[in-house]
Amino acid sequence: MMGDEARRLLEDAGVPVPRWEVVSVDGAGEAADRLGYPVVVKAAGLAHKTEADAVALDLNDADAVDEVARRIAGASAAETVIVERQVGDAVVELLVSVRREDPVGWLLTVGAGGTLVEILEDTRSLLLPVTAEDVRSALQGLSVWPLLAGYRGRPGADVEAVVDAVLGVAQMAVAPDGLVEVECNPLIAGAEGATVVDVLVEREDPEGQR
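If you want the working numbering, it's the position in the sequence shown, counting the first as 1, plus 252.
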């Protein structure tokens, strides 16, 4: 599950997401005008958007948005696109996921995210339930922690907002709706606030199989 339904699950859990709309290709520019600039345009219902060249950043007018929306929709054979208000003030991009690992339970993973997630392999995992202090300790164990804390005089991230967002994602694991995995990548850790800008959700099939 991707796109609008997955984002609504995050909103229901109190996890911050950007203002966004899922619209037809012809309505992309109008959606951007409503949301305010700059915006991001993404293919709806597609994983690994960066690798598929299905995401465009820093769009500042409706004509550019319409042009990009047509290109992305054509390349991905999609009828709709996601237009969202671009999140600025990124200190570092993080990965946050929860996954059911039978028979041990739910596993929470935090780590370096964005396009570097597979290169850095910088993650820490915890069994749920977790406390805010557990999450802080896991973040402090990451190689990207100096960036979060503020490196060589550069502003650090809003760590408490990151912790709250991680706890919100973790809370999704207890919802009785057949979730198997939630992966947020990236979670943008800013100097003020933390926002999930992409999410994948996996559910059980009706027979209870993954």
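All C-beta atoms in this analysis are idealised placements derived from N, C-alpha and C, irrespective of residue type, glycine included.
In this structure, DSSP gives glutamate 435 an extended state, which the three-state scheme calls strand. The three-state reading of DSSP puts serine 328 in helix, counting H, G and I together. In the three-state reduction of the DSSP assignment, valine 277 falls in the helix class. Proximity to leucine 262 across Ala422, Glu444 and Asp457 peaks at Ala422, based on C-alpha coordinates.
Around the beta carbon of glutamate 370, fewer than 16 other beta carbons lie within 10 angstroms, which makes this residue exposed.
In the three-state reduction of the DSSP assignment, alanine 401 falls in the helix class, which pools H, G and I.
In its chain, beyond the 5 residues on either side, Leu287 and Arg337 have a beta carbon closer than 6 Å to the beta carbon of arginine 271. Rounded to whole angstroms, the separation of the alpha carbons of alanine 314 and glutamate 353 is 45 Å. Each of Gly365, Thr383 and Val432 was checked against the Cα of threonine 375, and the nearest Cα belongs to Gly365. Taking all protein chains shown into account, threonine 332 has 16 or more neighbouring C-beta atoms within 10 Å of its C-beta and is therefore buried. Cβ neighbours of alanine 330 within its own chain (closer than 6 Å, five residues either side excluded): Ala295 and Ala296. Taking a C-beta distance under 9 Å as the contact criterion, leucine 399 and valine 350 do not qualify as a contact pair.
Considering only Ile334, Val320 and Ala306, the residue with the shortest C-alpha distance to alanine 258 is Ile334. Ranked by Cα distance from asparagine 312, the first of Val293, Ser328 and Asp305 is Val293.
Going by DSSP, arginine 388 is part of the alpha helix (DSSP H) stretching over 384 to 392. In the assembly as shown, proline 407 is an exposed residue. Its beta-carbon has fewer than 16 other beta-carbons within 10 Å.
Beta-bridge partners of glycine 442 (DSSP): Ala342.
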